[in-house]
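Those letters in the sequence shown? Residues 146 to 296, by my numbering. Quick reminder that beta carbons are idealized off the backbone N, C-alpha and C, glycines included. Only a predicted model underlies this, so the values are computations on that prediction, with no experimental measurement involved.
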Amino acid sequence: MNTPAYKQPVSVLVVIYTRQGEVLLLERADFPGYWQSVTGSVEWGEAIADTARRELQEETGISGHAVDDWQQQNLYDIYPHWQHRYPPGTTQNEEHVFAVCLPGQVAVTLSPREHLSYRWLPWREAAAQVFSPSNQAAILQLAHRLSEPRR
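What follows is the structure, encoded as structure tokens:
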């Protein structure tokens, strides 16, 4: 039963990167040593693009930049230690991939409830650092996206 007591099994992944190919990674507060891009669940009744902008602001303090919808979805199994957050019987999550390209590194204001620290890394190093396979795949796409002419 889908009730607000549970999260929807729909989320966003927001890869934040610079034109020089540096990627912002955040260290999870609930799992120190686990690094990731911005992520978050879609709230009931919220548009997916609005979730991407909200999570970007909440987790990093970054706002006012275009959030690019990569029109890519990943379906993955929810880690067992997080399944209790979802309606009973829910085992998979649909993740929507977004990105924000910044002209250069910016200062980040972390949500201490969610993240312990942050770092900017070259995209190859960032891809090797993240724990999520879908996050890694999104970062690896930057090799192609960085070589495309900017609109």
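request  = Return the first residue and the last residue of the alpha helix (DSSP H) that Ala194 is part of.
outcome  = Start and end: Ile193 to Thr205.
Beta-carbon proximity check, Trp268 vs Leu287, cutoff 9 angstroms = Contact flag set, yes.
query = Just reading off the beta strand (DSSP E) that Gln153 is part of, what are its end residues?
reply = Here Gln153 belongs to no beta strand (DSSP E), and DSSP marks it neither H nor E.
ask   = Whose C-alpha, out of His226, Ala194, Val245 and Asp175, is nearest the C-alpha of Glu167?
value = Of His226, Ala194, Val245 and Asp175, the residue nearest in Cα terms is Val245.
request  = Hey, could you find the ends of the alpha helix (DSSP H) His289 is sitting in?
outcome  = His289: member of the alpha helix (DSSP H) spanning Leu287 to Ser292, first to last residue.
key: With 16 other Cβ atoms within 10 Å as the buried cut-off, status of Ala272   = So Ala272 counts as buried.
query = In the segment 252 to 289, which residue ranges form an unbroken alpha helix (DSSP H) of at least 4 residues, counting only runs that do not cross its ends?
reply = With a minimum length of 4 residues, the continuous alpha helix (DSSP H) runs that stay inside the segment 252 to 289 are 268 to 274 and 278 to 285.
request  = Under 6 angstroms Cβ to Cβ from Val242, same chain only, skipping five residues before and after it: list those, please.
outcome  = Excluding sequence neighbours, Val242 sits near Leu158, Trp215, Gln217 and Ala283.
Residue of Val155, Pro257 and Ser262 minimising C-alpha distance to Gly190 = Ranking the options by Cα distance to Gly190, first place goes to Val155.
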